[in-house]
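Just below is one structure, and these are the notes that go with it.
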Amino acid sequence: MIRKMLRFIIVIIVTFAFVFSVSAIKNSNLFAPEVYKLKTINLGTNLNANFGEITNAKVIEQSFSAKQDGLAKVELFFSTFNRQNDSETLLSLYEADTNQLIRQAKFNNIQAKDNAYSELSFDPVENSKGKMYILRISSNTSDPSQAVTLWKDNTSLADGHLSFAGQHQEGSLVGKLIYQNQFTIKDIIINGLFFSFLNIILFELLRFIKNK
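Quick note: the sequence shown uses my numbering, first residue 12, plus one each step.
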């Protein structure tokens with residue numbers, strides 16, 4: 012009986028060590044490709060209408076509920092009017108409940124490709140899952156000839172609202188929220204217990220077949 016218990020304990024320890032190692036490698040910068048560490052959730056996707064030239068007098072606000080922890084990037088669909096624009100897009104992330112600014116990112120519009128997504132990144136937001144946030148997007152230029160535009164989808168988010176220049180808009184901002192998958196002890200425990208259970212069953216099955 013004691014030997015049997017020791018075998019089970021060894022199986023559990025080895026399984027947890029394996030799960031921990033795989034999780035560490037998956038989340039390490041050295042071994043894991045970037046695509047495996049990120050999860051993308053769309054805001055709007057259909058290019059139904061653009062906002063026109065976005066100047067410093069015209070601010071876009073999109074509220075949303077974060078689907079997981081580690082919000083780290085936002086991709087926006089830019090149109091440049093087929094020209095180079097000497098201006099910047101400023102993205103500000105606010106907590107909806109407190110209206111507190113928690114992250115900012117700037118994008119040089121000269122780098123924007125016409126009719127394509129561009130990325131704005133910031134330090135990952137821990138414990139963001141389930142919280143309401145507001146994306147506030149503005150420009151540093153008052154000159155429409157140096158402004159870019161963004162797009163909206165006519166379908167509104169179930170858990171968010173869109174406004175432009177202070178006016179409510181039906182629809183949602185075309186963009187993507189990118190979350191950084193995070194390495195948690197809870198995941199290790201759940202996966203470790205699950206695979207330990209499978210390994211014990213497999214171990215007992217092999218022992219049964221061997222002794223039959």
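Just so it is clear, CB atoms sit at the ideal spot from N, CA and C, and this is done for glycine as well. Note that the structure is predicted; figures quoted are calculated from it, not measured.
{"query": "How is Glu45 classed by DSSP in three states: helix, strand or coil?", "result": "Unreliable placement is indicated for Glu45, whose pLDDT of 47 sits below 50; no coordinate value is reported for it."}
{"query": "Quick one: residues in its chain with C-beta nearer than 6 Å to the C-beta of Tyr128, no 5 flanking neighbours on either side, listed in chain order?", "result": "Glu86, Phe88"}
{"query": "Quick one: what's Ser74 bridged to in DSSP?", "result": "Ile145"}
{"query": "Under 7 Å Cβ to Cβ from Ser174, same chain only, skipping five residues before and after it: list those, please.", "result": "Glu72, Gln180"}
{"query": "CA-CA distance, Lys124 and Glu130?", "result": "11 Å"}
{"query": "Reducing DSSP to helix, strand and coil, say where Phe189 ends up.", "result": "Before going on, a small fix: residue 189 reads as Ile here, not Phe. Strand, per DSSP."}
{"query": "Compute the Euclidean distance between the alpha carbons of Leu188 and Ser74, then round it to the nearest angstrom.", "result": "12 Å"}
{"query": "In three-state DSSP terms, what is Ser39?", "result": "Low confidence applies to Ser39: its pLDDT is 47, below 50, so where it sits in the model is not reliable enough to give any reading."}
{"query": "Suppose you measure from the CA of Ser7 to the CA of Leu112; what does that come to, to the nearest Å?", "result": "In the structure as shown, the chain begins at 12 and stops at 223. Residue 7 is therefore absent and cannot be evaluated."}
{"query": "Buried or exposed: where does Gln122 fall if 16 or more other Cβ atoms within 10 Å of its Cβ makes it buried?", "result": "exposed"}
{"query": "Below 8 Å on the Cβ atoms is my guess for Thr100 versus Val159; work out the distance and round it to an integer in Å.", "result": "7 Å"}
{"query": "In whole angstroms, what separates the C-alpha of Tyr105 from that of Val136?", "result": "11 Å"}
{"query": "With a cut-off of 8 Å, does the C-beta of Ser103 fall near any C-beta of chain C?", "result": "Annotation note: the requested chain C is absent from the structure, which comprises a single protein chain."}
{"query": "Since Asp97 and Gln178 are thought to touch, with beta carbons under 8 Å apart, how far apart are those beta carbons, to the nearest angstrom?", "result": "No, Asp97 and Gln178 are not in contact; Cβ-Cβ is about 28 Å, not under 8 Å."}
{"query": "In this structure, how does DSSP classify Gln79 when only helix, strand and coil are distinguished?", "result": "coil"}
{"query": "Starting from Ile121, follow the beta strand (DSSP E) in both directions and report where the run begins and ends.", "result": "Here Ile121 belongs to no beta strand (DSSP E), and DSSP marks it neither H nor E."}
{"query": "For Ser132 versus Lys78, is the C-beta distance shorter than 8 Å?", "result": "no"}
{"query": "DSSP three-state label for Gln157, please.", "result": "helix"}
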